[in-house]
Amino acid sequence: NLKIRWPEVKKVISNANNGDGIEGYEIVFTGIVDFSRLGVPQKRERLIIIGVRKDLVKKDLMLLWSLRSKIEKVLSGKKRLFHKYPLTPIEVFEGAPLDKLDDRYKEIMKKWEGVWEEVGTERARTWKQRVWDKLTFNIIDDYLMINNVKQIDKRELEEALKQHEAILKELGYYNNPVYTLKLPDTTTEPPREDTAVVERMKRIPPDENHEFVRGTKWEVEGKGISLVYRRIHPLKPSYTIVAYGGGGTHGYHYDRDRATVTLREKARLQTFPDDFLFYGRKTEIRAQIGEAVPPLAARRIAEVLAEVLETLT
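Sequential numbering from 9 applies to the sequence shown in my numbering.
Okay, structure coming up:
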């Protein structure tokens, strides 16, 4: 039992030496970990603190630095290529890596042609110039541009796509599109949606939010919150899936013919296996999904902890 409270946590975070901070423990890692760097198709940052009992390291500085280096390599995402080539929503929803989804990507994005004319605002016209006009509609080229991959090595890209396929297989999503699932926990059921929300979302393209329709008949008050009526993008990690919230915070699909994502789609963005069934009302299931540490991230943390324990024993 660490018997640790928030004041001690703040002390650990502010300790530049990553050493003392919790009585009886050596801190071997403290930092904000972006789980998208570990293969989670979602931008989700969480504080992770890892300590080792002092009696297990016995002031062995070489051992301490070795442990810190090992953990840092894994949790920074440097052991694989997801830090540069992140897994995407379209891959976990379709159950296939990017290089097998070119036609599907074109179909999805072409639906947004002319949305700037429908909305008719300066922001919409600016979006056309800033985003739409730069698209090639080749899934790989657009993926590299959207994720700001500047230096492209063909072999590295091929290896990254292999890692994407491997992670889809590890998660059980490979060749198993989410829309083909019919699960008994109701998570695959389409959400009930207000007509006004559906019409609003038809005018908000991927990675845009309620601000896109400000000044139009589809306008809604967002109170400065960026995730309100924000669509996920097919080719970049989703914004953080939240557990609670009112209208406009439920998460929205990149396909123009869709509005709110299903609970199972949220679960895939969190990397829950499809055979993990949830229980409770829909609001309770939403909270269970949104409050969770993504299982894939938990697995990667557990794997490196197992390596640490093996080293110590």
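For each residue, glycine too, the CB sits at the ideal point set by N, CA and C.
The structure presented is a predicted model; accordingly, all values stated were derived computationally and were not measured.
- Determine contact between the region 85 to 94 and the region 40 to 48, defined as no fewer than three beta-carbon pairs at a distance below 8 Å. yes
- Ala310: buried (16+ other C-beta within 10 angstroms of its C-beta) or exposed? Numbered from its first residue, the sequence shown carries residue 310 at position 302. Exposed, because fewer than 16 other Cβ atoms sit within 10 Å of the Cβ of Ala310.
- Query: Using the beta-carbon count (16 or more within 10 Å), is Leu55 buried or exposed?
  - Reply: Taking the first residue of the sequence shown as 1, we reach residue 55 at position 47. With fewer than 16 Cβ atoms within 10 Å of its Cβ, Leu55 is classed as exposed.
- Message: If you measure between the beta carbons of Gly298 and Ile249, is that distance less than 7 Å?
- Response: On the sequence shown, residue 298 is found 290 positions in, with the first residue counted as 1. On the sequence shown, residue 249 is found 241 positions in, with the first residue counted as 1. Yes, they are a contact pair.
- With burial defined as no fewer than 16 other Cβ atoms inside 10 Å of the residue's Cβ, what is the status of Thr291: buried or exposed? Counting from 1 along the sequence shown, the entry for residue 291 is found at position 283. The residue in question, Thr291, is exposed, as its Cβ has fewer than 16 Cβ neighbours within 10 Å.
- Item | When Asn184, Leu152, Thr203 are compared against Pro281, the one with the closest alpha-carbon | Residue mapping note: residue 281 aligns to position 273 of the sequence shown, counting from 1. Closest by alpha carbon: Asn184.
- Query: Can we say the region 128 to 142 touches the region 101 to 109, given the rule of at least three CB pairs closer than 8 Å?
  - Reply: no
- Query: Since Ile293 and Phe286 are thought to touch, with beta carbons under 8 Å apart, how far apart are those beta carbons, to the nearest angstrom?
  - Reply: What you label residue 293 is simply residue 285 of the sequence shown in a count that begins at 1. What you label residue 286 is simply residue 278 of the sequence shown in a count that begins at 1. Rounded, the Cβ-Cβ distance is 4 Å, consistent with contact.
- Task: Note down, one range per segment and in chain order, each alpha helix (DSSP H) of at least 4 residues found wholly within the region 178 to 244.
- Result: 203 to 209
- At a cut-off of 6 Å, is Ile309 close to the ligand PLP when judged by its beta-carbon and the heavy atoms of the ligand? The model depicted lacks the ligand PLP and carries no ligand whatsoever.
- Task: Check Thr248 in the structure and name its three-state DSSP category.
- Result: Numbered from 1 along the sequence shown, position 240 holds the residue referred to as residue 248. Coil at Thr248, not helix or strand.
- Work out the CA separation of Ala306 and Leu313 for me, nearest whole Å. As a first step, residue 313 must be located in the sequence shown, where it is residue number 305. As a first step, residue 306 must be located in the sequence shown, where it is residue number 298. About 10 Å.
- Three or more C-beta pairs closer than 8 Å, one from the region 236 to 243 and one from the region 207 to 227: is that the case here? yes
- Message: Would you call the region 113 to 133 in contact with the region 197 to 205, where contact means no fewer than 3 C-beta pairs closer than 8 Å?
- Response: no
- Apply the 10 Å Cβ neighbour rule to Ser246 and answer buried if 16 or more other Cβ atoms are within range, or exposed otherwise. Sequence index remark: in the sequence shown, residue 246 carries index 238 (1-based). Looking at its Cβ environment, which holds 16 or more other Cβ atoms inside 10 Å, Ser246 is buried.
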